[in-house]
Ligand code: BGC
């Protein structure tokens, strides 16, 4: 895709942390940020090999990246990750709060462990990372040579922050909570020139939803939910994340950008209603 905005290295020199950056949407965002000139920390929990692949791809493209292991739901591990990032790059300008998981179960059968685990990673993990990043933005203030803002946080949510999802109450509740988390800290931090926004992807072709697209039947079913009639790719999210992290979107804070091929347009109402 030709896009002078992206080839213009709009994030030149900015330091970005992408949680869960080793695969799926996170990897797509890490690659896009790297191509836009950011120095990228690719966080991973278990998949060291995949994280190194993303790092190597960014470097091969002429960018700068490192991989750092941490479980985002563990405060001590996250603190160590931020310390390692500051050792290498000095500070942080962009946090992409992306790490997330599903552990699906019907409501009637869901265990408390399933509930807690998904809330811990998807919601508490974003709290821990955002708080550390925001404290650093406040401590450091604006670096005018890098950005007009003191820092940017992008919370990767889901269309399920608004679409209820039977069989996934832990996940949908975590994303609904994330929406108010994002808006509340955006309101609280705006006067310090810190921007906080959300991206709500629809069905993006990654491991998390493999069963929804891996057979032709499943894919056909999924496409009935997507007016634009294609499944999203991680690069669709990466391009938007670059823009939302850049000064081109300076006046936007507390917003969720839905990137879903129209999934939230109630496609069942195209006919009828
Ligand atoms: C979920 C995917 C799902 C998509 C659309 C995402 O947030 O992680 O599993 O395909 O929403 O329903």
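Numbering (this note's numbering), first residue to last: 178 to 450.
Here a beta-carbon is modelled for each residue, glycine too, at the ideal position from N, C-alpha and C.
Are three or more beta carbon pairs between the stretch 194-202 and the stretch 313-323 nearer than 8 Å?
no
Return the chain-ordered list of same chain residues with a C-beta closer than 6 Å to the C-beta of residue 318, the five sequence neighbours on each side being excluded.
As a working mapping, residue 318 is identified with position 141 in the chain shown. Correct list, in chain order: 327.
State yes or no: is the C-beta of residue 389 nearer than 6 Å to some heavy atom of the ligand BGC?
Looking up residue 389 in the chain shown gives position 212. True, at least one ligand heavy atom lies under 6 Å from that Cβ.
One question on the structure: do residue 219 and residue 228 come within less than 7 Å of each other, judged by their Cβ atoms?
Within the chain shown, numbered from 1, the residue matching residue 219 stands at position 42. Within the chain shown, numbered from 1, the residue matching residue 228 stands at position 51. Their beta carbons are under 7 Å apart, which means residue 219 touches residue 228 by this criterion.
List the DSSP bridge partners of residue 329.
Here residue 329 is taken as the residue at index 152 of the chain shown, counted from 1. Partner(s): 271, 372.
CB of residue 299 to nearest heavy atom of the ligand BGC: below 6 Å?
Position 122 of the chain shown, counting from 1, holds the residue named residue 299. Outside the cutoff, so no.
Are there 16 or more other CB atoms within 10 angstroms of the CB of residue 232, so buried, or fewer, so exposed?
Numbered from 1 along the chain shown, position 55 holds the residue referred to as residue 232. By the 10 Å Cβ count, residue 232 comes out buried.
Confirm, please, whether the CB-CB distance from residue 307 to residue 331 is below 7 Å.
Here residue 331 corresponds to residue number 154 of the chain shown, with the count starting at 1. Here residue 307 corresponds to residue number 130 of the chain shown, with the count starting at 1. Taking 7 Å as the Cβ cut-off, residue 331 and residue 307 do not qualify as a contacting pair.
Which first and last residues belong to the beta strand (DSSP E) in which residue 241 is found?
Sequence index remark: in the chain shown, residue 241 carries index 64 (1-based). Taken as a continuous stretch (DSSP letters only), the beta strand (DSSP E) holding residue 241 covers 241-246.
DSSP beta-bridge partners of residue 282
Reading the chain shown from its first residue, position 105 is the one you call residue 282. For residue 282, the pairing in a beta bridge is given by DSSP as 345.
Whole-number beta carbon distance between residue 356 and residue 373, since they are thought to touch under 8 Å
Translated into the one-based positions of the chain shown, residue 373 becomes position 196. Translated into the one-based positions of the chain shown, residue 356 becomes position 179. Not quite, the Cβ-Cβ distance comes to about 11 Å (not below 8 Å), so this is no contact.
The ligand BGC heavy atom lying under 6 Å from the CB of residue 379:
The count along the chain shown starts at 1 and reaches residue 379 at position 202. Set against 6 Å, the gap from the CB of residue 379 to the closest heavy atom of the ligand BGC is smaller.
Note down the Cα distance separating residue 408 from residue 420, rounded to an integer number of angstroms.
Residue numbering aside, residue 408 sits at position 231 when the chain shown is read from its first letter. Residue numbering aside, residue 420 sits at position 243 when the chain shown is read from its first letter. Distance between the alpha carbons of residue 408 and residue 420 is about 21 Å.
When you compare only the Cα positions, how much space is there between residue 291 and residue 255?
For the purposes of this step, residue 291 is taken as residue 114 along the chain shown, with counting starting at 1. For the purposes of this step, residue 255 is taken as residue 78 along the chain shown, with counting starting at 1. For residue 291 and residue 255, the distance between alpha carbons rounds to 22 Å.
Got a sec, what are the start and stop residues for the beta strand (DSSP E) residue 220 sits in?
Here residue 220 corresponds to residue number 43 of the chain shown, with the count starting at 1. Counting along the chain, the unbroken beta strand (DSSP E) around residue 220 starts and ends at 216-221.
Could you say if the stretch 343-350 and the stretch 385-399 meet the contact criterion of at least three C-beta pairs nearer than 8 Å?
no
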